[in-house]
Amino acid sequence: MTKLTRRAVLSTIGAAAAASALPATPLFAADRTIRHYWWGNPERDKRTFAVIDTFQKKNAGIKVSGETIGWGDYWTKMATQTAGRNMADLVQMDYRFLFEYVHRGALKPLDEFVGKSLMIADFDKGPLDGGKVDGKLYALNIGSNSQVMVHNTRAFKEAGIDADLINWTWDDFGKVCEKITAKSGGKMKGSDDLSLMIETFESWVRQNGREFYGPEGKVTATAEDVAGWWQMWADLRKAGVVRDKNKTVILDPPIAESGIAVGDTAMSHYWSNQMVGIQAVAKDKIGAAMVPHKAGGKPGQFIKPSMFLSLSRDAKDTEAAIAYMNAWVNDPEITGILGLERGIPCSPKVRAALTPKLTEVEKLSVDYFTAIQSKVGPLPLPAPKGAGEVRDAFMRIGTDVVLGKAEVAEAAGMFIEDAQAIVERAQ
Amino acid sequence: MKRFFARNAPAYVFLLPWLIGFFLLALGPILASLYLSFTRYDMVSAPRWIGWGNYEYMFTRDRRFWKALEVTFTYVALAVPARLIMALGVAMLLDKGLRTIGLYRAIFYLPSLLGASIAIAILWRQLFAADGVVNQVLAMVGIQGASWITDPDTSLYTLVVLAMWQFGSPMLIFLAGLRGIPRDLYEAAEIDGTPRWRQFTRITLPLLAPVIFFNLVLQTIDSFKTFSSAFIISNGTGAPADSLLFYTVYLFNEAFKFFRMGYASALAWFLLVIIATFTAIAFFTSKYWVHYENERD
Chain A
58 MTKLTRRAVL STIGAAAAAS ALPATPLFAA DRTIRHYWWG NPERDKRTFA
108 VIDTFQKKNA GIKVSGETIG WGDYWTKMAT QTAGRNMADL VQMDYRFLFE
158 YVHRGALKPL DEFVGKSLMI ADFDKGPLDG GKVDGKLYAL NIGSNSQVMV
208 HNTRAFKEAG IDADLINWTW DDFGKVCEKI TAKSGGKMKG SDDLSLMIET
258 FESWVRQNGR EFYGPEGKVT ATAEDVAGWW QMWADLRKAG VVRDKNKTVI
308 LDPPIAESGI AVGDTAMSHY WSNQMVGIQA VAKDKIGAAM VPHKAGGKPG
358 QFIKPSMFLS LSRDAKDTEA AIAYMNAWVN DPEITGILGL ERGIPCSPKV
408 RAALTPKLTE VEKLSVDYFT AIQSKVGPLP LPAPKGAGEV RDAFMRIGTD
458 VVLGKAEVAE AAGMFIEDAQ AIVERAQ
Chain B
850 MKRFFARNAP AYVFLLPWLI GFFLLALGPI LASLYLSFTR YDMVSAPRWI
900 GWGNYEYMFT RDRRFWKALE VTFTYVALAV PARLIMALGV AMLLDKGLRT
950 IGLYRAIFYL PSLLGASIAI AILWRQLFAA DGVVNQVLAM VGIQGASWIT
1000 DPDTSLYTLV VLAMWQFGSP MLIFLAGLRG IPRDLYEAAE IDGTPRWRQF
1050 TRITLPLLAP VIFFNLVLQT IDSFKTFSSA FIISNGTGAP ADSLLFYTVY
1100 LFNEAFKFFR MGYASALAWF LLVIIATFTA IAFFTSKYWV HYENERD
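Chains A and B, in that order, give the protein sequences.
Residue numbers for the first sequence, in the numbering used here: 58 to 484.
Residue numbers for the second sequence, in the numbering used here: 850 to 1146.
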């Protein structure tokens, strides 16, 4: 073994110090960097990274670093970054969480940029206003969507289903489930079991003439609403026409594991913009149906901003961030890449430019959007603080119902009690 | 004083990296969390002092807190004995003096190195899924397996099995302890015709008591803090139906999902109280069942 001499040690340290100083120069010379964080799926990520490349090519000097993760983990990571004052400059925002983040002071209003560096004067006013909280614009709509029952067109054809999929009722839905299950000999069930989908349940509550959250964020859905919902699915489970209960209780599975993608079921609930992502992983051609109506009930569905881009409190280079945001909704090359994957854009110019080159599934979502215009109700009020936790409670208590470990009526009462307590505590 | 430094200075120099880390990275946050446990703090706006409010809510109004305690205590009560018995069993097998003992030791230790990792938790989830390997094997012998992970009645047991499988580190300690038992005691027992079982209860167990005690304390503390495997297998939420709502998972959710850092701090301090209590009980009772060989009565 060689001996360590004083000189050898000192010269090694010296060399190491010199080496570590070298890469410092280009690091400091690198100019402006902005971070963009979104929840995604393989198709969306592909398109978004293509947008980033395009933007960087056109804006030498601005580097965009993209960070993506699935919906299931998105909000946990976001909360952690918010806590650590390390939010990405631009974050993808959801209508359910917008109010919460604004009220926690995590987002910056965009009003001062509108008309100067953010050109949105000609955008549809309704969808744009969905991003306002307390009269200020905190979130830029990057697409609108609505609920949709995605279905497998091959299975529907084989089972000879001719229901009017825009005006159908829950009774029709049950019959369709029966037919499809019977036709496939039970191999393909009629539908996913939507017991735990609070998104679909919200439509159910509206069909009963109420909102889930009323004014001042109070829970206005009733235990009867919940019990009716869980009972309907319990009956369908008993009839054996919806997906296996052990699959149902897996929460927020990725699109690739959904019943539609793996061929277990012929129907499931999604948001209309997700059809592009589902078609990318589904074997058969998909079609679009409305959430079934309640006979004699009110419209349950609504058109909402599917997602937003928001400027975070931690954004340093706001000028670069707004330039990127502006390109997202105006630059024809970029909006061309994005297509309708995040929803229907609210710029009429962008829509007009996209129309001639729509893919088959994008055309499906445009047609669907047109068909439902007169069948939907108004946009509900933004969800209050604690809405994310209420969603968890719905899935948690619903799991016991799905597995037959809790009585429907009792569990429904418990959920409403819990939901009220959660919202009250969160204020 | 001077002598103290002259004698201990080298020790402190070597301790320095740890000490710096402790004071800068651990002590500050520990004290901060004690303060925060008396506040309402959403991590964005400044903390607001609410006195004992968090603790009061915890004990009087929080149903999920009690559920988390139930899950965690059940797990500790099952996993700790299961793992220790497994570890002692394997250690005794290896103590038979196999020639390739080094190899076996390494192989059996492997799971505890891997056990805490995310990859194993994901693997576990696949193994025990409704259409997972475990059920496929059961199907071969004609048994219709349950949906282990998604059924609240069985999900916790899959984690107990995982804990059992990670017997490596207590096993190594047991093995060292077994090696330390004088052979002549067994030889004397053989000559007297003492059956194997009585040799185990009268010689092995009493002489191993200090080691058992050590392992028990360590494993109990460890089990109370179980997090990553429960977090991964339950999708981070304690699902299905809160059957995997480990105390630490609940704490994490309160802090990082629902922005209640103050409340989560209170939960953390109560966990400290629980662990301290159990350790104290173990130490307190140890004088009745742990005897050290070099002790003089």
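For each residue, glycine too, the CB sits at the ideal point set by N, CA and C.
Values in this document were obtained by computation on a predicted structure and should not be read as measured data.
Assigned secondary structure, residue i (DSSP; H/G/I helix, E/B strand, else coil)
{"i": "B/Phe-1076", "result": "coil"}
{"i": "B/Lys-1106", "result": "helix"}
{"i": "B/Met-1020", "result": "helix"}
{"i": "B/Lys-851", "result": "helix"}
{"i": "B/Gly-877", "result": "helix"}
{"i": "A/Ser-314", "result": "Per the sequence shown, the amino acid found at residue 314 of chain A is Glu instead of Ser. Residue state, collapsed to three classes: helix."}
{"i": "A/Glu-268", "result": "coil"}
{"i": "B/Leu-943", "result": "helix"}
{"i": "A/Gly-123", "result": "strand"}
{"i": "A/Leu-167", "result": "coil"}
{"i": "A/Met-484", "result": "Sequence check: residue 484 of chain A is Gln here, not Met. Looking at A/Gln-484 - three-state DSSP - the assignment turns out to be coil, as it is neither helix nor strand."}
{"i": "A/Gln-358", "result": "coil"}
{"i": "A/Ile-307", "result": "coil"}
{"i": "A/Tyr-94", "result": "strand"}
{"i": "B/Arg-897", "result": "strand"}
{"i": "B/Tyr-1099", "result": "helix"}
{"i": "A/Lys-134", "result": "helix"}
{"i": "A/Ile-473", "result": "helix"}
{"i": "A/Ala-86", "result": "With a pLDDT of only 43 at A/Ala-86, under 50, the local geometry of the prediction cannot be trusted, and the value read off the model is given with reservation. In the structure shown, A/Ala-86 sits in a helix (DSSP, three-state: H, G or I)."}
{"i": "A/Gly-344", "result": "strand"}
{"i": "A/Met-364", "result": "coil"}
Burial state of residue i (16 or more Cβ within 10 Å)
{"i": "A/Leu-79", "result": "Bear in mind that a pLDDT of 43 at A/Leu-79, under 50, signals an unreliable position, so the model cannot answer this."}
{"i": "A/Leu-222", "result": "buried"}
{"i": "A/Phe-224", "result": "Sequence check: residue 224 of chain A is Asn here, not Phe. It is exposed - the Cβ of A/Asn-224 has fewer than 16 other Cβ atoms within 10 Å."}
{"i": "A/Pro-272", "result": "exposed"}
{"i": "A/Lys-214", "result": "exposed"}
{"i": "B/Asn-857", "result": "exposed"}
{"i": "A/Asn-330", "result": "buried"}
{"i": "A/His-350", "result": "buried"}
{"i": "B/Phe-1119", "result": "buried"}
{"i": "A/Met-332", "result": "buried"}
{"i": "A/Trp-261", "result": "buried"}
{"i": "A/Ser-252", "result": "buried"}
{"i": "A/Glu-446", "result": "buried"}
{"i": "B/Leu-1133", "result": "The residue asked about is misnamed: residue 1133 of chain B is Phe in this sequence, not Leu. Exposed, by the Cβ-count rule."}
{"i": "A/Val-276", "result": "buried"}
{"i": "A/Glu-390", "result": "exposed"}
{"i": "A/Asn-143", "result": "exposed"}
{"i": "A/Gln-336", "result": "buried"}
{"i": "A/Thr-105", "result": "buried"}
{"i": "B/Tyr-884", "result": "exposed"}
Best match in the options for proximity to residue i [C-alpha to C-alpha]
{"i": "B/Ser-1077", "options": "B/Leu-873, B/Ala-1012, B/Leu-868", "result": "B/Ala-1012"}
{"i": "B/Ala-936", "options": "B/Tyr-1099, B/Lys-1074, B/Leu-1065, B/Ile-1130", "result": "B/Leu-1065"}
{"i": "A/Val-386", "options": "A/Ile-255, A/Leu-366, A/Arg-211", "result": "A/Leu-366"}
{"i": "A/Ser-404", "options": "A/Val-207, A/Leu-185, A/Ala-163", "result": "A/Leu-185"}
{"i": "B/Leu-1116", "options": "B/Ser-894, B/Tyr-861, B/Met-907, B/Asp-891", "result": "B/Met-907"}
{"i": "B/Arg-1109", "options": "A/Gln-484, A/Met-144, A/Leu-194, A/Ala-145", "result": "A/Gln-484"}
{"i": "A/Gly-183", "options": "A/Met-176, A/Leu-175, A/Leu-197, A/Ser-174", "result": "A/Leu-197"}
{"i": "B/Phe-977", "options": "B/Ser-966, B/Met-989, B/Ser-886, B/Gly-994", "result": "B/Gly-994"}
{"i": "A/Ser-248", "options": "A/Asn-303, A/His-326, A/Trp-128", "result": "A/His-326"}
{"i": "A/Pro-166", "options": "A/Tyr-152, A/Phe-180, A/Asp-179, A/Gly-192", "result": "A/Gly-192"}
{"i": "A/Glu-169", "options": "A/Val-148, A/Asp-282, A/Tyr-195, A/Asp-179", "result": "A/Tyr-195"}
{"i": "B/Ser-998", "options": "B/Tyr-1006, B/Ile-992, B/Pro-960", "result": "Ser is not the amino acid found at residue 998 of chain B; the sequence shown has Ile there. For the residues B/Tyr-1006, B/Ile-992, B/Pro-960, the minimum Cα distance to B/Ile-998 belongs to B/Tyr-1006."}
{"i": "A/Gly-15", "options": "A/Asp-282, A/Ser-422, A/His-93", "result": "Past the boundaries of the shown model lies residue 15 of chain A; chain A is included only from 58 to 484, so the question cannot be answered."}
{"i": "B/Ala-1125", "options": "B/Ala-931, B/Ile-1070, B/Trp-901", "result": "B/Ile-1070"}
Residue i: CB within 7 Å of a non-hydrogen atom of the ligand MG
{"i": "B/Ile-1030", "result": "Although the ligand MG was asked about, the structure shown includes no ligands whatsoever."}
Can you list, in chain order, the stretches of the alpha helix (DSSP H) that have 4 or more residues and sit fully within the segment 372-451 of chain A? 375-387, 389-395, 405-411, 417-429
Can you check the segment 221-247 of chain A for any alpha helix (DSSP H) of at least 4 residues that lies completely inside it and give the ranges in chain order? 227-240
Whole alpha helix (DSSP H) elements within the segment 930-1016 of chain B, 4-residue minimum: 950-964, 967-976, 982-989, 1004-1014
Okay, do the segment 368-381 of chain A and the segment 333-340 of chain A touch, 3+ Cβ pairs below 8 Å being the bar? no
At least 3 beta-carbon pairs within less than 8 Å: the segment 436-453 of chain A vs the segment 147-164 of chain A: yes
Three CB pairs or more closer than 8 Å across the segment 415-430 of chain A and the segment 459-475 of chain A: no
For the pair the segment 351-370 of chain A and the segment 286-304 of chain A, tell me if three or more CB-CB distances fall below 8 Å. no
Check whether the segment 1128-1141 of chain B and the segment 912-928 of chain B are in contact - that is, three or more C-beta pairs closer than 8 Å. no
Is the segment 1041-1053 of chain B close to the segment 411-422 of chain A, with three or more CB pairs under 8 Å? no
Could you tell me whether the segment 1031-1045 of chain B touches the segment 981-989 of chain B, using the rule of 3 or more Cβ pairs below 8 Å? no
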